[in-house]
Amino acid sequence: MIPGEYEYQKDLQESVSYCPHLRTIVDGVPGPDLFIYPFLETNLLQFSQNKLLDTTRKFILKNALVGLATLHEKNIIHSDIKPDNILLDYEVKDTAFHVKRVQIADLEDSVILPDGKHLKNTMCGNQLWRSPESWARAAQGISSDIFSFGIVSIYVMLIDMVLRASKDELAANDAW
3 MIPGEYEYQK
13 DLQESVSYCP
23 HLRTIVDGVP
33 GPDLFIYPFL
43 ETNLLQFSQN
53 KLLDTTRKFI
63 LKNALVGLAT
73 LHEKNIIHSD
83 IKPDNILLDY
93 EVKDTAFHVK
103 RVQIADLEDS
113 VILPDGKHLK
123 NTMCGNQLWR
133 SPESWARAAQ
143 GISSDIFSFG
153 IVSIYVMLID
163 MVLRASKDEL
173 AANDAW
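Sequential numbering from 3 applies to the sequence shown in my numbering.
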């Protein structure tokens with residue numbers, strides 16, 4: 003979080019705290035700019051490595067998408083959608099995984115964008131899940147989140163990072 007953004011982030015998160023699919027603050031300390039969040043057991047990057055039914059994978063993605071839609075209804079872009087930022091609680095019953103709660107986390111990089119406005123000249127998000135417009139530092143908005151969520155969905159359903167590139171490939175002279 004950028005110093006001095008405590009109130010901005012607090013207000014942003016409180017504006018969507020009604021959504022059960024977003025992990026928002028439960029308390030905070032303004033002096034050192036600390037937020038306190040509810041604990042969830044794992045993240046989607048780790049959890050998706052388990053042998054899960056397709057119905058379980060779809061359930062997780064659907065619930066995460068509800069959280070993302072809630073942000074977008076308020077003109078908030080997350081800017082860092084990735085499996086590490088989708089948290090969940092679960093239990094195992096009869097050798098099957100039962101997901102109890104799914105929440106999008108890490109709202110500290112979220113931005114309220116008025117209609118017709120975009121983020122520009124910045125690269126948002128993690129390189130494995132980043133949208134093309136973010137790589138190009140072009141106009142970024144809700145569609146950037148949707149692209150990243152699409153890559154996450156492919157990963158969760160196929161357990162494959164389809165756009166993965168090695169560090170050498172990313173650092174090559176002709177990479178950009």
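Cβ coordinates follow ideal geometry from the N, Cα and C atoms, glycine included.
Requested in this report: Would you list, in sequence order, the uninterrupted beta strand (DSSP E) runs of no fewer than 3 residues that lie entirely inside the segment 30-77?
Outcome: 36-38
Query - Nearest candidate by alpha-carbon position, reference residue 42, set 59, 18, 56, 91 - result: As a position in the sequence shown, residue 42 is number 40, starting the count at 1. It is 91 whose Cα lies nearest to the Cα of residue 42.
Query raised in the report: Do you know how far the Cα of residue 132 is from the Cα of residue 139?
Result: Here the question's residue 139 lines up with position 137 in the sequence shown. Here the question's residue 132 lines up with position 130 in the sequence shown. Taking the straight line joining both Cα atoms gives about 11 Å.
Query raised in the report: Between residue 79 and residue 144, which are expected to be in contact by the criterion C-beta below 8 Å, what is the C-beta distance as a whole number of angstroms?
Result: One-based indexing of the sequence shown puts residue 79 at position 77. One-based indexing of the sequence shown puts residue 144 at position 142. 6 Å between Cβ atoms; contact.
Requested in this report: Using only alpha-carbon positions, find the residue among 87, 73, 100 that is nearest to residue 115.
Outcome: To locate residue 115, count along the sequence shown from 1; it is residue 113. When only C-alpha atoms are compared, the closest one is 73.
Report task. Please confirm if the segment 110-130 is in contact with the segment 51-58, defined as three or more CB-CB distances below 8 Å between the two stretches. Result -> no
Query raised in the report: Would residue 26 pass as a contact of residue 15 if the rule is Cβ separation under 7 Å?
Result: Counting from one through the sequence shown, the residue named residue 26 turns up at place 24. Counting from one through the sequence shown, the residue named residue 15 turns up at place 13. It is a contact, given that the beta carbons lie within the stated cut-off.
Query raised in the report: Taking DSSP as the reference, what is the three-state secondary structure of residue 93?
Result: As a first step, residue 93 is located in the sequence shown; it is residue number 91 there, counting from the start. Strand, per DSSP.
**Report entry** Through-space distance from residue 93 to residue 101, alpha-carbon basis
**Finding:** The sequence position of residue 101 within the sequence shown is 99, counting from 1. The sequence position of residue 93 within the sequence shown is 91, counting from 1. The straight-line gap from Cα to Cα measures roughly 7 Å.
**Report entry** Helix, strand or coil at residue 119 [DSSP, three-state]
**Finding:** Here residue 119 refers to the residue found at position 117 of the sequence shown. Coil.
Query - Close-in-space but distant-in-sequence residues of the same chain around residue 162 (CB under 8 Å, 5 per side omitted) - result: In the sequence shown, counting from the first residue as 1, residue 162 sits at position 160. Around residue 162: 156.
Query raised in the report: From residue 44 to residue 170, what distance separates their C-alpha atoms?
Result: Here residue 44 refers to the residue found at position 42 when the sequence shown is read from its first residue. Here residue 170 refers to the residue found at position 168 when the sequence shown is read from its first residue. If you take the alpha carbons of residue 44 and residue 170, they lie about 31 Å apart.
Query raised in the report: Is residue 106 helix, strand or coil when you go by DSSP?
Result: Translated into the one-based positions of the sequence shown, residue 106 becomes position 104. Strand, per DSSP.
Query raised in the report: Would residue 46 pass as a contact of residue 85 if the rule is Cβ separation under 7 Å?
Result: Start at 1 with the first residue of the sequence shown, and residue 46 comes out as number 44. Start at 1 with the first residue of the sequence shown, and residue 85 comes out as number 83. Going by C-beta atoms, residue 46 is nearer than 7 Å to residue 85.
Query raised in the report: residue 105 and residue 24: beta carbons closer than 7 Å?
Result: Numbered from 1 along the sequence shown, position 103 holds the residue referred to as residue 105. Numbered from 1 along the sequence shown, position 22 holds the residue referred to as residue 24. Yes, the pair counts as a contact, with Cβ atoms nearer than the cut-off.
Requested in this report: Work out the CA separation of residue 95 and residue 2 for me, nearest whole Å.
Outcome: With the chain represented from 3 up to 178, any question about residue 2 goes unanswered, as that position is not in the structure.
Query raised in the report: Taking the Cβ atom as the reference point for each residue, do residue 69 and residue 126 lie within a distance shorter than 7 Å?
Result: By 1-based counting over the sequence shown, the position of residue 69 is 67. By 1-based counting over the sequence shown, the position of residue 126 is 124. No. Outside cutoff.
Query raised in the report: Thinking C-alpha only, which one of 111, 135, 67, 166 is nearest residue 151?
Result: In the sequence shown, the residue the question calls residue 151 occupies position 149. Nearest C-alpha to residue 151: 67.
Query raised in the report: Which term fits residue 59, buried or exposed, when burial requires 16 or more other beta carbons within 10 angstroms of its beta carbon?
Result: Here residue 59 refers to the residue found at position 57 when the sequence shown is read from its first residue. Under this definition residue 59 is a buried residue.
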